[in-house]
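K.L.:
FYI, the numbering for the sequence shown is 971 to 1123, going by the numbering used here. Virtual Cβ for every residue (Gly too), placed ideally from N, Cα, C.
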Amino acid sequence: MTEFRGTWSEDDVEIFLQETTVPIRLATHRPDGSLWVVTLWYRYRDGVFECATQADAAVAGFLRNDPSVAFDVSTNRVPYSGIRGNGTVTISTDGARDTLQELVERYLDGTDSSLAQWLLDDEREEVRIRIEPSTIYSWDYAERMRDVSATDA
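In structure tokens form, the structure reads like this:
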């Protein structure tokens, strides 16, 4: 069960995550214990994040070794807002292609581009990264940044 803390209600968090199409920033540990941050496309549904990556990607190996993660999904323009938290990852090939298809459509607005076609190539072996949050902390700097425009930043 996810603990929701911070500025927004659980419903507000869900709306933000459904409407915001910036990548999730995922922090994990490498086998030597050092930290690693990677950005991935995500979808949020039924209280979990789902991402896709190539099966042989370094991050997939890191997550298999240590499934504990921290994450951040935040806007890149003022006024800044977003969520951050921690959770646990499971990796599976089940549903990986469907997840990737939905992510391509979400972030690229379709599958017609050469990038979309490359990502969806049948030769690519994908895995689904499922992040079950333990804690989600929301924050919104709209009030404190009310007199700062995106062009000022």
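(1) I need the boundaries of the alpha helix (DSSP H) containing Ser1104, first residue and last residue.
(2) Can you tell me which of Leu1090, Thr1045 and Val1018 puts its alpha carbon nearest to the alpha carbon of Ile1099?
(3) Pro1103 to Thr1058, Cα distance in whole Å?
(4) From what residue to what residue does the beta strand (DSSP E) around Thr1023 run?
(5) Which whole-angstrom value is the C-beta distance of Leu1005 and Thr1023, which I expect to be below 8 Å?
(6) Can you name the start and end residues of the beta strand (DSSP E) that Ser1084 belongs to?
(7) Rounded to whole angstroms, what's the CA-CA distance from Asp1110 to Ile1053? Just pull it up for me.
(8) Please go through the same chain and pick out, in chain order, the residues whose beta-carbon is closer than 6 Å to the beta-carbon of Ser1108, but skip the five residues on each side of it.
P.N.:
For this structure:
(1) Here residue 1104 refers to the residue found at position 134 of the sequence shown. Run containing Ser1104: none in the alpha helix (DSSP H); it sits in the beta strand (DSSP E), Glu1096 to Asp1110.
(2) Residue numbering aside, residue 1099 sits at position 129 when the sequence shown is read from its first letter. It is Val1018 whose Cα lies nearest to the Cα of Ile1099.
(3) Residue numbering aside, residue 1103 sits at position 133 when the sequence shown is read from its first letter. Residue numbering aside, residue 1058 sits at position 88 when the sequence shown is read from its first letter. Rounded to whole angstroms, Pro1103 and Thr1058 show a C-alpha spacing of 7 Å.
(4) For the purposes of this step, residue 1023 is taken as residue 53 along the sequence shown, with counting starting at 1. Counted as a single uninterrupted DSSP element, the beta strand (DSSP E) harbouring Thr1023 occupies residues Val1018 to Gln1024.
(5) Taking the first residue of the sequence shown as position 1, residue 1005 is located at position 35. Taking the first residue of the sequence shown as position 1, residue 1023 is located at position 53. Taking 8 Å as the upper bound for CB-CB distance, Leu1005 and Thr1023 are not in contact here, some 18 Å apart.
(6) As a first step, residue 1084 is located in the sequence shown; it is residue number 114 there, counting from the start. Run containing Ser1084: none in the beta strand (DSSP E); it sits in the alpha helix (DSSP H), Ser1084 to Leu1089.
(7) As a position in the sequence shown, residue 1110 is number 140, starting the count at 1. As a position in the sequence shown, residue 1053 is number 83, starting the count at 1. One Cα belongs to Asp1110, the other to Ile1053, and the distance between them is close to 9 Å.
(8) Here residue 1108 refers to the residue found at position 138 when the sequence shown is read from its first residue. A distance below 6 Å between beta-carbons, with the five flanking residues on each side excluded, links Ser1108 to the following residues of its chain, in chain order: Gly976, Thr977, Trp978, Val983 and Ile1053.
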